[in-house]
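Undergrad: Pasting a structure here, questions to come.
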Amino acid sequence: MGRLRRTMLYVPGNNPGMIRDAHIYGSDSIMLDLEDSISIKEKDAARMLVYQSLKTLDYGNTEVIVRVNGLNSPFGRDDFEAIARAKPDGIRLPKTETPEEVQEADELITQIERQSGLEQGTIKLIAAVESALGVINAFRIATASKRLIGIAIGAEDFVTDMRTSRSADGIELLAARGQVLLAARAAGIDALDTVFSDINDEEGFTREVKLIKQMGFDGKSIINPRQIDIVHRVFTPTNEEVGKASRIMEAIREAEKKGLGVISLEGKMIDKPIVERAGRVLELYDAAAKNYALRGDRHA
Amino acid sequence: MLNGVGRDIPNEIYGIGGLRPYEKTICSQRNDMNGMSVYKKNPGRKKVAASIQEAIKAAGLRDGMTISFHHHFRNGDYVVNMVMEAIAAMGIKDIVIFPSSLSDIHSPLIGHIKNGVVKRIETSGLRGAMAHAVSDGLMDIPVVINSHGGRARAIASGEMQIDVAFLGVPSCDPCGNANGYSLENSAASECGSLGYAKVDAQYAKKVVLITDNLVGYPNVPFGIPESQVDYIVVVDSIGDPKGIASGATRYTNNPKDLLIAKCAADVIAASGYFNDGFSLQTGSGGASLAVTRFLREKMLERNIKAGFALGGITSQIVELHEEGLIGKLLDVQSFDLRAVQSLKNNRFHYQIDAEYYASPDNEGCAAHQLDVVVLSALEIDLDFNVNVITGSDGVIMGASGGHSDTAAGASAAIIVAPLVRGRMPTVLEKVNTVITPGHTVDVLVTDQGIAVNPIRQDLLYNLKSSGLPVYSIEELKEKAEKVVGRPEPILWEDKIVGLVKYRDGSAIDFIRQVKRSKEYERRY
Amino acid sequence: MKIHQTGIAGTLESSDITIHIEANEGKGIWIELKSTVENQFGKQIRYIIKDTLQKQDVTDVFVRAIDKGALDCTIRARVLTALSRAANCSLKLWEVK
Chain A
138 MGRLRRTMLY VPGNNPGMIR DAHIYGSDSI MLDLEDSISI KEKDAARMLV
188 YQSLKTLDYG NTEVIVRVNG LNSPFGRDDF EAIARAKPDG IRLPKTETPE
238 EVQEADELIT QIERQSGLEQ GTIKLIAAVE SALGVINAFR IATASKRLIG
288 IAIGAEDFVT DMRTSRSADG IELLAARGQV LLAARAAGID ALDTVFSDIN
338 DEEGFTREVK LIKQMGFDGK SIINPRQIDI VHRVFTPTNE EVGKASRIME
388 AIREAEKKGL GVISLEGKMI DKPIVERAGR VLELYDAAAK NYALRGDRHA
Chain B
-18 MLNGVGRDIP NEIYGIGGLR PYEKTICSQR NDMNGMSVYK KNPGRKKVAA
32 SIQEAIKAAG LRDGMTISFH HHFRNGDYVV NMVMEAIAAM GIKDIVIFPS
82 SLSDIHSPLI GHIKNGVVKR IETSGLRGAM AHAVSDGLMD IPVVINSHGG
132 RARAIASGEM QIDVAFLGVP SCDPCGNANG YSLENSAASE CGSLGYAKVD
182 AQYAKKVVLI TDNLVGYPNV PFGIPESQVD YIVVVDSIGD PKGIASGATR
232 YTNNPKDLLI AKCAADVIAA SGYFNDGFSL QTGSGGASLA VTRFLREKML
282 ERNIKAGFAL GGITSQIVEL HEEGLIGKLL DVQSFDLRAV QSLKNNRFHY
332 QIDAEYYASP DNEGCAAHQL DVVVLSALEI DLDFNVNVIT GSDGVIMGAS
382 GGHSDTAAGA SAAIIVAPLV RGRMPTVLEK VNTVITPGHT VDVLVTDQGI
432 AVNPIRQDLL YNLKSSGLPV YSIEELKEKA EKVVGRPEPI LWEDKIVGLV
482 KYRDGSAIDF IRQVKRSKEY ERRY
Chain C
227 MKIHQTGIAG TLESSDITIH IEANEGKGIW IELKSTVENQ FGKQIRYIIK
277 DTLQKQDVTD VFVRAIDKGA LDCTIRARVL TALSRAANCS LKLWEVK
């Protein structure tokens, strides 16, 4: 199964102090940003800083994503040329509205991979939809390129486009979240939720994380290391869930040994979706188990 | 012979010895009882002197004598500067000053040093302009750095004789019963425990108390009893309340410090010492203090209560105590007003002196009873030696404090520090100044991994089997250098400006004068 | 590469370095450095600045640098950005090295 993307720590790309330490906090991914957090006058500086940092620093097992400026902006092309050559794990496209935008990006990366002697397809893509049109096109966007590993929501721009504002219970994001999730699942890629900006409101944040996890999201963008543990905690399976998942996998193994076609456990049939879900639970459990702090705090 | 009530008393009696006839006087004329002068025990005598200068005169301060101060007022202290000004005005010279520590506010000492009023200094630490000046070679005789326990040992053993102790006290009665707070009024300069001052009061030849809050007799409870006091001076203010104590020490918000603190709490939980009734000491800020926050969660989870906490008491520790998670508090220094309040009101929050706290001559001292201590470090080397006093540029900027005492005494001495500060690695081949020797240091916790001293195979096993990210200290050093590169060594001049004494009085390291770059401008 | 004007990049934040680049006709590479880690990394910082410039075939510049503990990659990035701003051309500098 794929890599976990429960948490993506957002790092302004013109801040060397934050760039060098981003990976120590234990998030699954980090996103170095060249777009909205960088002023127009500093786009060149941020691009060069992220480029040099990517080429030099060792981020260990943390996935490194770079959010570039869109190809329809004056900076996008240069961003792609520079960043693709620095070999991040992936590039995030902002404000995606059409599948053509994704294809254009895909082709550009392919070109650069060829020029740099990289195996084609090494650099992945994440598409962020941040407008009504983008959300409507979510499925076409999600299937527009083999490089795509996830589709994300950018709430701030989206609610502006929808002529509303963000609220505590997030009703204004219902349509967007629903569409993006459906698109992600149908396309077989990750669904990633938007940032929660009030870092002091731990209760509100926890509520939102529980909501989006229940909806089915794979992860969330975060803006402060303090948010990481909360997300990981919510995504950590309960002892009961882990127990059940283990029993399911055990039953599968037993059945395979005996060459049985139909598998049942405790009187219920186990079919493919159940197995996949069990596998996912155990993956999340393993990730949590690696983090010592979470192991001790697993809730029953 | 006839005595003062007309009885005929023999001059001596066989089996008892010579007899001194009763005379009609109010007090005893003898000088005895631990060398305490008759002056102290005379209830009729007035101890309140008209001014600091009067007290200095009456105490008989001469050129070359040793005087002492405490540092309970931290960077809000007025006493050192007031007393030194008076001494300078009186033309007294070559004084040895022996404060328990010094802060930024004491930079006027630079002038006194230049003018020959101060000849030599023994302190736990130096900060600000004074520290820079000393590092630049201001003094002819090196400054001696003592730990808190080492200072108490030196005083109690007689190795350091204090001629006159000048102790600022937030409350005092006319006979000299003094305390770090008052239960009857709100002492403006209240500081809580007078742990460091108590030792000076007990052993100094002459004791001068300086207060801004003279109360009626008897000032109970007292940390310093009247029998130890010679003179009292009343002044308008002995310190700036804002510099003495904040309302409450705040937890850090710095994500890196929080990460380190969380990891340190995990280390404590896995160490084998995290059992009901365990004892703890933490630092007063940064990651070292924040450990309490994460440890609290684990204590609640596993239903473990601490038997006592020692220190350096902060509002965080008080909170845990009042929550019922820490049984008793032994307080040698109260860091904030919440701690002061607690000392006033909580009956299991107790004032202790520096000798009781950490003197190595005191086999059962509180520091030796500790299970766990969490300490910071500026530098640590491959032998686990720790530097807390000279910065990455070689300039003095901190204090020895209770670091080496508690590291030696605690069963698990845990150092918390970021792997890198700016571009400076914390882990070096050799630290620039050894304050705490490596054989007393057990675990290093950084934001990018943990190292365990190889002499503690038991801890190594416990931490490794708990799945914590344990590396060798060499690996941590390499990790740091991979990111920042390897620093060139600091450049020194030949002159020795500081001598570091270990808690037993032995010489453990020395500090040289820094070689400054051509562009360096003195800002003092 | 022609230096038309002063090129400035970087900030005074911790872990960053501010680089000012000006033309220094016929006088070679001059570096004036103020660093919080002068003793320990001064030599290295000067080396990185010089090396980055030389790899761009730049020979006559005056560099004023104020360093707050920047890593080598940050120094390179700021020098290259200041250089491209001084030369007023968006160079495909990432293609080199």
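Residue numbers (this note's numbering), protein chains in the order written: chain A, 138 to 437; chain B, -18 to 505; chain C, 227 to 323. Each residue gets a CB set at the ideal place from its N, CA and C atoms; glycine is no exception. Please read these numbers as outputs of a predicted model, since none were measured by experiment.
Do the stretch 62 to 78 of chain B and the stretch 87 to 102 of chain B touch if we need at least three Cβ pairs shorter than 8 Å?
TA: Enough Cβ pairs lie closer than 8 Å, so yes.
Undergrad: Taking a cut of 8 Å between CB atoms, which residues from the stretch 340 to 363 of chain A lie near chain B?
TA: N361, P362, R363
Undergrad: Looking at chain C, which residues of the stretch 449 to 476 of chain B have a Cβ within less than 9 Å of any of its Cβ atoms?
TA: Flagged, chain order: V464, V465, G466, R467, P468, E469, P470, I471, L472.
Undergrad: Which residue from B/G(-4), B/Y(-5), B/I(-6), B/P2 puts its Cα closest to that of B/R(-12)?
TA: On the second sequence, position 7 is the one that residue -12 of chain B refers to. Here the closest residue by C-alpha is B/P2.
Undergrad: I think B/T421 touches B/A389, with their Cβ atoms under 8 Å apart; what is that distance to the nearest whole Å?
TA: One-based indexing of the second sequence puts residue 421 of chain B at position 440. One-based indexing of the second sequence puts residue 389 of chain B at position 408. Right, their Cβ atoms sit about 4 Å apart.
Undergrad: Looking at the structure shown, is B/M120 part of a helix, part of a strand, or coil, going by DSSP?
TA: Sequence index remark: in the second sequence, residue 120 of chain B carries index 139 (1-based). Coil.
Undergrad: Just the chain A side, please: which residues come within less than 7 Å of C/R290 by C-beta, in chain order?
TA: As a working mapping, residue 290 of chain C is identified with position 64 in the third sequence. In chain A, no part has a C-beta under 7 Å from the C-beta of C/R290; the shortest such distance is about 17 Å.
Undergrad: Find out if the Cβ-Cβ distance for the pair B/L449, C/N265 is shorter than 8 Å.
TA: For this step, residue 449 of chain B is matched to residue 468 along the second sequence. For this step, residue 265 of chain C is matched to residue 39 along the third sequence. Against a cut-off of 8 Å, the Cβ pair of C/N265 and B/L449 comes out as no contact.
Undergrad: Please decide whether B/R134 counts as near chain F, where near means a Cβ-Cβ distance under 8 Å.
TA: The structure shown contains no chain F; its protein chains are A, B and C.
Undergrad: Beta-carbon of A/S166 versus every beta-carbon of chain C: anything under 8 Å?
TA: Taking the first residue of the first sequence as position 1, residue 166 of chain A is located at position 29. No, A/S166 does not count as interfacial toward chain C.
Undergrad: Can you give the Cα-Cα distance for A/D170 and A/G271, rounded to whole angstroms?
TA: By one-based count along the first sequence, residue 170 of chain A stands at place 33. By one-based count along the first sequence, residue 271 of chain A stands at place 134. Rounded to whole angstroms, A/D170 to A/G271 spans 20 Å at the Cα level.
Undergrad: Terminal residues of the continuous alpha helix (DSSP H) containing B/M378?
TA: Residue mapping note: residue 378 of chain B aligns to position 397 of the second sequence, counting from 1. From DSSP, B/M378 is part of no alpha helix (DSSP H); its letter is neither H nor E.
Undergrad: Specify the secondary structure class of A/T297 as computed by DSSP and reduced to three states.
TA: Position 160 of the first sequence, counting from 1, holds the residue named residue 297 of chain A. In this structure, A/T297 counts as helix in the three-state DSSP scheme.
Undergrad: How should B/D312 be labelled, buried or exposed, when 16 other C-beta atoms within 10 angstroms of its C-beta is the threshold for buried?
TA: The residue given as residue 312 of chain B occupies position 331 in the second sequence. B/D312 comes out buried.
Undergrad: I need the DSSP call for B/E344, collapsed to helix, strand or coil.
TA: Residue 344 of chain B sits at position 363 when you count from the first residue of the second sequence. In this structure, B/E344 counts as coil in the three-state DSSP scheme.
Undergrad: So B/G157 packs on B/E207, CB below 8 Å; how close in whole Å?
TA: Taking the first residue of the second sequence as position 1, residue 157 of chain B is located at position 176. Taking the first residue of the second sequence as position 1, residue 207 of chain B is located at position 226. Yes, they are in contact, since the Cβ atoms of B/G157 and B/E207 sit about 4 Å apart, within 8 Å.
Undergrad: Using a Cβ-Cβ cut-off of 8 Å, state whether B/Q438 counts as contacting chain A.
TA: On the second sequence, position 457 is the one that residue 438 of chain B refers to. Not one chain A Cβ lies under 8 Å of B/Q438.
Undergrad: Considering only C-alpha positions, which residue in the set B/A339, B/R467, B/V426, B/E474 is nearest to C/D298?
TA: Position 72 of the third sequence, counting from 1, holds the residue named residue 298 of chain C. That would be B/R467, whose Cα lies nearest to the Cα of C/D298.
Undergrad: Using a beta-carbon distance below 8 Å, is B/R404 in contact with chain C?
TA: Along the second sequence, read from residue 1 onward, the residue named residue 404 of chain B stands at position 423. Under the 8 Å criterion on CB atoms, B/R404 is classed as interfacial with respect to chain C.
Undergrad: In chain B, which residues lie less than 7 Å from A/Y162 when you measure between Cβ atoms?
TA: Translated into positions along the first sequence, residue 162 of chain A becomes position 25. Residues of chain B passing the Cβ test: P236, L240.
Undergrad: Residue ranges of each alpha helix (DSSP H) run of no fewer than 4 residues wholly in the stretch 368 to 401 of chain A, ordered along the chain?
TA: With a minimum length of 4 residues, the continuous alpha helix (DSSP H) runs that stay inside the stretch 368 to 401 of chain A are 376 to 395.
Undergrad: Considering only the alpha carbon of each residue, which of B/L276, B/V408, B/K325, B/P222 lies closest to B/V464?
TA: Counting from 1 along the second sequence, the entry for residue 464 of chain B is found at position 483. B/V464 has its Cα closest to that of B/V408, out of B/L276, B/V408, B/K325, B/P222.
Undergrad: When the Cα atoms are used, what is the spatial distance from A/G254 to A/V371?
TA: Residue numbering aside, residue 254 of chain A sits at position 117 when the first sequence is read from its first letter. Residue numbering aside, residue 371 of chain A sits at position 234 when the first sequence is read from its first letter. Across the structure, A/G254 and A/V371 are spaced so that their CA atoms are roughly 41 Å apart.
Undergrad: Only counting the same chain, and skipping five residues up and downstream in sequence, which positions put a Cβ closer than 6 Å to that of A/E200?
TA: Position 63 of the first sequence, counted from the start, is the residue given in the question as residue 200 of chain A. Closer than 6 Å at the Cβ level, and outside the excluded window around A/E200, lie S166, D226.
Undergrad: Count the other CB atoms, across all protein chains shown, that sit within 10 Å of the CB of B/Q262; report buried if there are 16 or more and exposed otherwise.
TA: The count along the second sequence starts at 1 and reaches residue 262 of chain B at position 281. Label assigned to B/Q262: buried.
Undergrad: With DSSP run on the structure shown, which of helix, strand or coil describes C/C299?
TA: As a working mapping, residue 299 of chain C is identified with position 73 in the third sequence. Looking at C/C299 - three-state DSSP - the assignment turns out to be helix.
Undergrad: What does B/D257 reach in chain A if we use C-beta pairs closer than 7 Å?
TA: Residue 257 of chain B sits at position 276 when you count from the first residue of the second sequence. What B/D257 touches in chain A: nothing, since even the nearest Cβ is about 17 Å away.
Undergrad: Inspect the beta-carbon positions of B/I33 and B/M63 and report whether they are closer than 8 Å.
TA: For this step, residue 33 of chain B is matched to residue 52 along the second sequence. For this step, residue 63 of chain B is matched to residue 82 along the second sequence. Yes, these two residues count as a Cβ contact at 8 Å.
Undergrad: Which chain C residues are close to A/G154, counting only those with a beta carbon under 8 Å from its beta carbon?
TA: For this step, residue 154 of chain A is matched to residue 17 along the first sequence. Those are E239, S240, S241, D242, listed as they occur along chain C.
Undergrad: Residues in its own chain within less than 8 Å of B/F329 by CB, not counting five upstream and five downstream?
TA: For the purposes of this step, residue 329 of chain B is identified with residue 348 of the second sequence, where counting begins at 1. Only H302, G308, K309, L310 meet the Cβ criterion.
Undergrad: Pairs of beta-carbons, one from the stretch 382 to 393 of chain A and one from the stretch 408 to 418 of chain A, closer than 8 Å: are there three or more?
TA: By the Cβ test, the stretch 382 to 393 of chain A is in contact with the stretch 408 to 418 of chain A, since at least three Cβ pairs between them sit closer than 8 Å.
Undergrad: When the cut-off is 8 Å and only beta carbons count, does A/R157 lie next to chain C?
TA: As a working note, residue 157 of chain A is residue 20 in the first sequence. A/R157 counts as touching chain C.
Undergrad: Using a Cβ-Cβ distance under 8 Å, would B/S357 count as near chain C?
TA: Position 376 of the second sequence, counted from the start, is the residue given in the question as residue 357 of chain B. With 8 Å as the cut-off, B/S357 does not count as an interface residue toward chain C.
Undergrad: Please list the segments of the beta strand (DSSP E) lying wholly inside the stretch 294 to 333 of chain B, counting only runs of 3 or more residues, in order along the chain.
TA: 307 to 315, 330 to 332
Undergrad: Considering only the alpha carbon of each residue, which of B/G72, B/V248, B/G45 lies closest to B/A393?
TA: Walking along the second sequence from the start, residue 393 of chain B turns up at place 412. The residue among B/G72, B/V248, B/G45 with its C-alpha nearest the C-alpha of B/A393 is B/V248.
Undergrad: Which runs of the beta strand (DSSP E) at least 3 residues long sit entirely within the stretch 227 to 256 of chain C? Give them in chain order.
TA: 233 to 235, 243 to 249
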